[in-house]
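Going down the list, the sequences are from chains Z and B. Quick note on numbering: numbering that gives the first Met the number 0 labels position 98 of the first sequence as 97, and the sequence is numbered without any gaps. Quick note on numbering: numbering that gives the first Met the number 0 labels position 227 of the second sequence as 226, and the sequence is numbered without any gaps. Virtual Cβ for every residue (Gly too), placed ideally from N, Cα, C.
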Amino acid sequence: MKLEKYGNLSGPSLTFWRRIFPFLRWWNFVGWDTVRADAMAGLTGAVIVLPQGVAFAMIAGLPPEYGLYTAIVVPLVAALFGSSLHLISGPTTAISIVVFSSLSPIAVPGSPEFISLAITLTFLAGVFQLALGLARMGILVNFVSHSVIVGFTAGAAILIATSQIGHVLGIHMPKSASFFATWMTILQEFAKANPYAVIVAGGALVCAAGFKMFRPRWPGLLFALIFGSLIGVFLGAESHGIRLMEPLPDQLPPFLLPDFSFDALHELAPKSFAVALIGLIEALSIARSIAAFSRQQIDGSQEFIGQGLSNIVGSFFSCYAGSGSFTRSGINYHAGAMTPLSAVFSAVFLAFILLLVAPLTEYLPIPAMAGVILLVAFNLIDFHHIRTIIRTSKQEAIILAATFLATLFLDLEFAIYAGVLLSLIFYLRQTAHPEIVSLMPDPEGAAGNFCAPSEKQCPALKIIRIDGSLFFGAVNHISEFFQTIDKKLTHKSHLLIVAYGINFIDITGAEMLVNESVRRRGMRGDLYLCGLKPHAREVLERGGYMDSIGKDHIFVSETEAIANILEKIDNPECRKCRAPVFSECKK
Amino acid sequence: MSIVTISRGSYSRGREVAEKLAAELCYECLSREIILEASEQFNIPEIKLVRAIHDAPSVLDRFTYGREKYIAFFRAALLKRLQKDNVIYHGLAGHAFLQQIPHVLKVRIIANLDDRIREEMKRENISADQARHILVKDDAERRRWSLALYGLDTWDQRFYDITLHLETMDVDDAVSVILHVLARPCFQTTLQSRELLDDLCLSAQVEAALVRDFPKATADAGKGVVYVSIRGSLVDEKTISAKVNRMAEKVAGVKKIHVNIVAHSIED
């Protein structure tokens, strides 16, 4: 009865509708208290996204209003159809930079052709995301490790910062230049830097950083832009060659059809798949990060569906590709949002703000915007996790470094693929080399306790524990270990494998065990197994491998195994053994 | 030593059964007195309380939580009185609040609609159609109220120990049947059932203490230890916990409080 206060019990038909319309799953939780909390969080989010939307659209090579359109439509649909309660979608740095790097080689940034391609790219990315979600492929994102995300984000942050240095210094930069070429230009043109632009950018940057440090819940980015604009007005921005933004049109997202021509679809399909993938990885990673705080269970596939639908719907309302935003999701959660209605409120408030303040944006100096973007880029670098990864694991550090460098010097989509590929290679290498531990009875522990062997070892029986699966990839490594035992300790022809750590045995692994059993018998020894898990035992039984190894060679525990094995052993070494290792030897 | 709750529709003669039963057993007979007590104890208008426990909740109620407040007050007052034992309660919500308590005999009294219409016509001096309309509406309101708040259908027989149809049997027969059932050992107060009622009562007192600030708060008490579930963001966990502790520790009988923040509820 208590639980019903938090939601009504559901019948099968309601379950069906909740699958189709996932917002029905949390709708019963909505009350006045949640609406109030969500409205407050939504208002904060709307103020935060205003400068971000403009900045990200610029990064994507689109007119600023497209960032705001994306910040209105995309989060609304994603929140209602996704899984996370706190994820805020919309324009993001990573997606913006991928959109820019994908389209700038085929159209001039900011041109009508570029806008049309960006919108079609968004539609296609949405279709891919929706298809992956409907196919329940949410699990795929599990293969993108945290190190890949951290490396990619850090690389993207450096790229974003690099793209803004020209605006900060007030120097002209060639469009769509590579990371290396951009820095070469900056170094060559540095002497021509406009000091007024640097002052405006520096002022906005310091202001934004100050708010972040001392008033993190306040809309610091917005205040920084206002501060930068005031400096611009005070210095007489235009007369000193500081570029100002074009005024935003005070209108809601207009309806616009994507370009459905075969040529456009054909050309954009591979690029949109990369956008879709990066968007999903970003959204799901952020959703999971926030869920770690909110203790919510995230359904990856549902999140895919939400992201896909948001991009499809958005593409009909002049939006470019969106994904989950770490900054805005974090602010949303910390502002006390309780349900996805906060994203809906944020969109509605942003629409009002757009209609009210759009004309004022013509006073906004581009260096001020660039200064703010520098801070956004800096905040994207997760120094804490980078340090942890470097300290914790060499392999993870290599993955992080490779992804980071690939992000800087290769196409962005390939950076993710490279990171994932490297992670999988390391993973496969690790699973192909299961840990094999030698064991012996613990002389100081209770009966049945085992420890790593000391100098005193049994000359007749070797006990090992395999921690990992016995599959085709691991067979070679394990066989090599078996051979090593013979090379190092010639008398140990009897081998007991403690199999508690073996979760899975495939046919190759089972055949390897049989071969080892036959080989040991030829050496006047034998092979024994104990602690087999039901699944592994079933494979051995069904394939007839159990009969070859011998059913009487399979034991439940180490103690039972040792007692039985020692009875059978007829090793000359045993007869002259003066320091028996096992308690059973003394009997 | 036991408690009887009688759930009844208007003009089903449940009141007569309750009063006669109380007289037979020398038990206290309670109904509207609880509303008055709750009204005084928690300083709220009686009429609002009556409406809250009688009328079905509207869509707006879901957002304003007014009803939750009044019901929490009413429940706290009712359970406090029932703690004294040897009580006959007839009226709304008794069966809903006391489902888990074994020594409470939950009785449902029903009567033919025609008989009820005749009774209402006689008392209110109205036409048959008017009486029928009022009774049908009244029954529907009570049913919706119980369903909306507790997921219990007042017409579902599983929530009662016995249902008596006052058609062939009269009030005396009904009282006689209830007396017979009440004498069974399963309806006698035991130490365990007493503890259950005490725990339920303490939960209700804590909920009533919190309901003005946390309308959806639920409390689950056991030997003075109270587990309180509060809707809220985990970001505000410390603030909410401190506030709940401050408010709940004033309730008599509370030894320790555990606060659980319910940040979300996702249904399948």
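I'd like to know if the segment 268–278 of chain Z and the segment 302–320 of chain Z are in contact, where contact means that at least 3 CB-CB pairs between them fall below 8 Å. Output reads yes: the segment 302–320 of chain Z touches the segment 268–278 of chain Z.
Which runs of the beta strand (DSSP E) spanning at least 3 residues fall entirely within the segment 426–501 of chain Z, listed in chain order? Runs found: 434–440, 460–466, 493–497.
Would you grab the beta carbon distance between residue 207/Z and residue 192/Z for me? Rounded to a whole angstrom, and I think it's under 8 Å. About 21 Å separates the beta carbon of residue 207/Z from that of residue 192/Z, a gap too long to meet the 8 Å contact definition.
For the alpha helix (DSSP H) that residue 310/Z lies in, which residues bound it at each end? First-last of the alpha helix (DSSP H) with residue 310/Z: 299–314.
CB contact flag (residue 78/B, residue 174/B, <9 Å): Cβ distance not < 9 Å, so residue 78/B and residue 174/B don't count as in contact.
Using three-state DSSP, classify residue 188/B as helix, strand or coil. In this structure, residue 188/B counts as coil in the three-state DSSP scheme.
To the nearest angstrom, how far is the alpha carbon of residue 0/Z from that of residue 74/B? The pLDDT assigned to residue 0/Z is 41, lower than 50, so where the model puts this residue is not dependable, and the model offers no usable value.
Minimum Cβ-Cβ distance from residue 28/Z to chain A less than 9 Å: Although the question refers to chain A, the structure presented lacks it and instead comprises the protein chains Z and B.
For residue 226/B, which beta-bridge partners are listed by DSSP? According to DSSP, residue 226/B bridges with 219/B, 257/B.
What is the DSSP secondary structure of residue 209/Z, counted as helix, strand or coil? Reduced to three states, the DSSP call for residue 209/Z is helix.
What does residue 84/Z touch in chain B if you count any residue whose Cβ is under 9 Å from its own? Correct list: 262, 263, 265.
If you run the structure through DSSP and keep just helix, strand and coil, what is residue 105/B? Residue 105/B: strand per DSSP, three-state reduction.
Using 10 angstroms around the beta-carbon of residue 39/B, count the other beta-carbons present and answer buried if the total reaches 16, otherwise exposed. Residue 39/B should be labelled exposed.
Chain Z residues whose Cβ lies nearer than 8 Å to that of residue 26/B: Neighbours of residue 26/B in chain Z, taken as residues whose beta carbon is under 8 Å from its own, are absent, since the nearest beta carbon is some 27 Å off.
Contacts around residue 513/Z, its chain only, beta-carbon distance under 8 Å, and the 5 residues preceding and following it disregarded: If we look at residue 513/Z and ignore the five residues flanking it on each side, its Cβ neighbours are 544, 547, 548.
Who are residue 553/Z's beta bridge partners in DSSP? 528/Z, per the DSSP bridge assignment.
For residue 504/Z, write down the residues that DSSP places opposite it in a beta bridge. In the DSSP output, where bridge partners are listed per residue, residue 504/Z has 469/Z.
Tell me the residue span of the alpha helix (DSSP H) that contains residue 53/Z. Segment 31–58, the alpha helix (DSSP H) holding residue 53/Z.
Could you list the residues in the segment 328–345 of chain Z with a C-beta less than 9 Å from some C-beta on chain B, going in chain order? Cβ contacts with chain B come from 332, 333, 334, 335, 336, 337, 338.
Mind pulling the chain B residues with CB within less than 7 Å of residue 135/Z? For a Cβ distance threshold of 7 Å, nothing in chain B lies close to residue 135/Z: the least Cβ distance comes to about 16 Å.
Where residue 64/B meets chain Z, residues with beta-carbon distance less than 7 Å: In chain order: 30, 31.
Any C-beta of chain B within less than 8 Å: which residues of the segment 282–313 of chain Z qualify? From the segment 282–313 of chain Z, only 292, 293, 294, 295, 296 have a Cβ closer than 8 Å to chain B.
Give me the Cα-Cα distance between residue 29/B and residue 70/B, rounded to the nearest whole angstrom. The alpha-carbon of residue 29/B is positioned some 17 Å away from that of residue 70/B.
Give me the chain B residues within the contact set of residue 36/Z, using Cβ-Cβ distance strictly less than 7 Å, ordered along the chain. For residue 36/Z, the chain B residues whose C-beta falls within less than 7 Å of its own C-beta are 232, listed in chain order.
Residue 79/Z, enclosing alpha helix (DSSP H) - first and last residue: Looking at the DSSP string, the run of the alpha helix (DSSP H) that includes residue 79/Z is 63–80.
Say whether the segment 222–231 of chain B touches the segment 95–113 of chain B, bearing in mind that this needs 3 or more beta-carbon pairs closer than 8 Å, one atom from each stretch. When Cβ pairs closer than 8 Å are counted between the two stretches, the segment 222–231 of chain B is seen not to touch the segment 95–113 of chain B, the count staying below three.
Could you tell me which chain B residues have their CB closer than 9 Å to the CB of residue 14/Z, listed as they occur along the chain? Listed along chain B, the residues sitting closer than 9 Å to residue 14/Z by beta-carbon distance are 266, 267.
Short CB-CB distance (under 9 Å) between residue 268/B and chain Z: There is no way to answer for residue 268/B, as the model of chain B reaches only from 0 to 267.
For residue 237/B, would you say it is in contact with chain Z, using Cβ-to-Cβ distances shorter than 9 Å as the test? Closer than 9 Å: no.
With a cut-off of 9 Å, does the C-beta of residue 68/B fall near any C-beta of chain Z? Not closer than 9 Å to any Cβ of chain Z, the Cβ of residue 68/B fails to qualify, so no.
So, do the segment 104–122 of chain Z and the segment 311–329 of chain Z have three or more beta carbon pairs nearer to each other than 8 Å? Yes, the segment 104–122 of chain Z touches the segment 311–329 of chain Z.
Per DSSP, what kind of secondary structure is residue 2/Z in: helix, strand or coil? Residue placement at residue 2/Z cannot be trusted, given a pLDDT of 41 that sits under 50; what the coordinates show is reported in the next sentence. Residue state, collapsed to three classes: helix.
Could you tell me how far apart the beta carbons of residue 218/Z and residue 91/Z are, in whole angstroms, since I believe they sit closer than 8 Å? Actually they do not touch by this definition, with Cβ atoms about 18 Å apart.
Report the rounded CA-to-CA distance for residue 228/B versus residue 107/Z, giving the unit in angstroms. In a straight line, the C-alpha of residue 228/B is about 57 Å away from that of residue 107/Z.
Using the Cβ count rule (16 or more neighbours within 10 Å means buried), how would you classify residue 179/B? Exposed: under 16 other Cβ atoms inside 10 Å.
Within this structure, are the beta carbons of residue 370/Z and residue 199/Z separated by less than 9 Å? Less than 9 Å separates the beta-carbon of residue 370/Z from that of residue 199/Z.
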